[in-house]
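**Student:** The structure that follows is given in the form of structure tokens.
2 protein chains.
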Amino acid sequence: MPTPHYGQPRYRAIADELRERITSGAIPPGALLPSESALTVEFEASRGTVRQAIAVLREEQVVATEHGRGTYANPYRREGASNADAESETRQRRVAADADLAALFTVEVGSLIIEEQRVTRRNGTVRAVVRTYRRHQSDE
Amino acid sequence: MPTPHYGQPRYRAIADELRERITSGAIPPGALLPSESALTVEFEASRGTVRQAIAVLREEQVVATEHGRGTYANPYRREGASNADAESETRQRRVAADADLAALFTVEVGSLIIEEQRVTRRNGTVRAVVRTYRRHQSDE
DNA sequence: AGAAATTTGTCCGTATGTATC
DNA sequence: AGATACATACGGACAAATTTC
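These protein sequence lines are chains A and B, in that order. For the first sequence, the working numbering assigns the number 5 to the initial residue and increments by one for each residue that follows. For the second sequence, the working numbering assigns the number 5 to the initial residue and increments by one for each residue that follows.
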């Protein structure tokens with residue numbers, strides 16, 4: 005069978021579905037998620053894909069996993085209740101310097117510099133996008 | 005062949021080795037790591053295991069990976085404790101949204117959004133340029 | 001411009017190790 | 001001890017982004 009993943013990969017779709025069950029309360033805080041093999045059957049995905057989905061949620065601290073036990077939902081609440089849904093994604097890549105950046109960094113236009121982008125969401129909608137530019141290998 | 009991982013799993017051992025090469029300077033900041041297939045040969049491990057090792061370093065932000073390009077070492081610097089001489093200039097203006105920003109903010113490409121730019125200098129040389137993008141106050 | 005090669009991303013199936021119940 | 005559940009590891013296949021020719 006081929007491996008089509010047009011648009012969203014399957015492990016993200018599975019992660020979204022599980023996250024939804026947790027945030028909606030279908031899986032209450034502290035409860036065990038279905039086992040990986042159960043999820044394998046339900047989503048008709050391989051165990052590796054299911055584990056990849058759970059890894060996403062673990063990184064978001066939506067779940068916590070214990071070896072031999074299982075994966076728990078929402079093991080502890082964020083201390084600040086204000087942190088309703090402050091998701092933050094970070095991405096790093098190299099981009100060509102535009103005229104402004106080239107002038108600031110004293111490099112040629114088009115030189116590759118580091119861009120780190122953070123996307124801040126609240127209640128799902130993008131709040132702000134922060135792009136930080138640096139040079140490689142600066143010296144201090 | 006069995007799959008023994010007494011004590012430390014292999015992917016962690018590989019991660020340790022690669023981290024050592026980076027922190028020791030054998031792989032300088034900004035340089036590309038060997039490709040996954042090359043590491044597969046060198047460590048005599050499967051590609052999945054190599055990728056798991058790289059995932060560890062990526063989470064530690066010791067490396068950054070780009071699709072189709074490769075994995076770079078240490079793209080940004082640790083913030084030194086000495087913030088001796090930090091100046092900062094701020095500028096705000098309206099700019100046209102590029103494809104990425106348009107997608108994130110769910111607006112049309114070219115729509116005007118707010119850009120706030122801060123330039124951080126130390127000892128006269130530009131340290132970092134931070135650009136924060138937001139939408140106009142319209143909804144929410 | 002376009003095709004091929006390279007490199008990372010996703011997904012599957014299987015087997016075995018280790019921790020917990 | 002046995003059953004269950006997560007962790008590690010292999011190998012193969014195809015997809016997607018980038019670079020090279």
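Note that the Cβ used here is the ideal one computed from N, Cα and C, for glycine as well. Quick caveat, the model's predicted, so the values are computed rather than measured.
Compile a chain-ordered list of the residues in the segment 35-50 of chain B whose CB is closer than 8 Å to at least one CB of chain A.
**Tutor:** Answer in chain order: no residues at all.
**Student:** Tell whether a beta-carbon distance below 7 Å holds between Leu36 of chain A and Gly11 of chain A.
**Tutor:** No, these two residues do not count as a Cβ contact at 7 Å.
**Student:** What do you reckon, are the CB atoms on Val66 of chain A and Ile26 of chain A nearer than 7 Å?
**Tutor:** Going by C-beta atoms, Val66 of chain A is nearer than 7 Å to Ile26 of chain A.
**Student:** Comparing the C-beta of Thr136 of chain A with each C-beta of chain B, is any distance below 7 Å?
**Tutor:** Closer than 7 Å: yes.
**Student:** Strictly by DSSP, which residues pair up with Gln121 of chain A?
**Tutor:** Partner(s): A:Arg95 and A:Arg135.
**Student:** Quick one: measure Cβ to Cβ for Gly54 of chain A and Ile18 of chain A, integer angstroms, because I've assumed they're closer than 8 Å.
**Tutor:** Here the sequence assigns Val to residue 54 of chain A, which means Gly is not the residue at that position. The Cβ separation is near 7 Å, so the contact holds.
**Student:** Return the chain-ordered list of same chain residues with a C-beta closer than 6 Å to the C-beta of Leu116 of chain A, the five sequence neighbours on each side being excluded.
**Tutor:** Result list for Leu116 of chain A: Arg98, in chain order.
**Student:** Out of curiosity, what's the CA-to-CA distance linking Ser28 of chain B and Gly34 of chain B?
**Tutor:** Taking the straight line joining both Cα atoms gives about 14 Å.
**Student:** Suppose you measure from the CA of Ala132 of chain B to the CA of Glu93 of chain B; what does that come to, to the nearest Å?
**Tutor:** Whole-angstrom Cα-Cα distance: 11 Å.
**Student:** Have a look at A:Ala30, A:Glu112 and A:Val130 and flag the residue whose alpha-carbon is nearest the alpha-carbon of Leu108 of chain B.
**Tutor:** The shortest C-alpha separation from Leu108 of chain B is found at A:Val130.
**Student:** Where Arg30 of chain A and Ala77 of chain B are concerned, what is the direct C-alpha to C-alpha distance, given to the nearest angstrom?
**Tutor:** Note on identity: in this sequence residue 30 of chain A is Ala, with Arg being the wrong assignment. Going from the Cα of Ala30 of chain A to the Cα of Ala77 of chain B covers about 42 Å.
**Student:** For a contact meaning CB atoms closer than 8 Å, what does Arg97 of chain A contact in chain B?
**Tutor:** Here the neighbours are Ala68 and Glu70.
**Student:** Can you name, in chain order, every residue of its own chain whose Cβ lies under 8 Å from the Cβ of Arg51 of chain A, other than the five neighbours on each side?
**Tutor:** Here the set comprises Glu40, Ser41 and Thr44.
**Student:** Return the residue from the list B:Gly114, B:His140 and B:Gly128 that minimises the CA-CA distance to Glu120 of chain B.
**Tutor:** Ranking B:Gly114, B:His140 and B:Gly128 by Cα distance to Glu120 of chain B puts B:His140 first.
**Student:** State buried or exposed for Thr136 of chain A, treating a residue as buried only when at least 16 other CB atoms are found within 10 Å of its CB.
**Tutor:** Answer is buried; the Cβ neighbour count reaches 16.
**Student:** Tell me the rounded alpha-carbon separation between Arg122 of chain A and Glu64 of chain A.
**Tutor:** Those two C-alpha atoms are separated by around 15 Å.
**Student:** Mapping the DSSP letters down to three states, classify Arg126 of chain A as helix, strand or coil.
**Tutor:** Three-state DSSP puts Arg126 of chain A in a strand.
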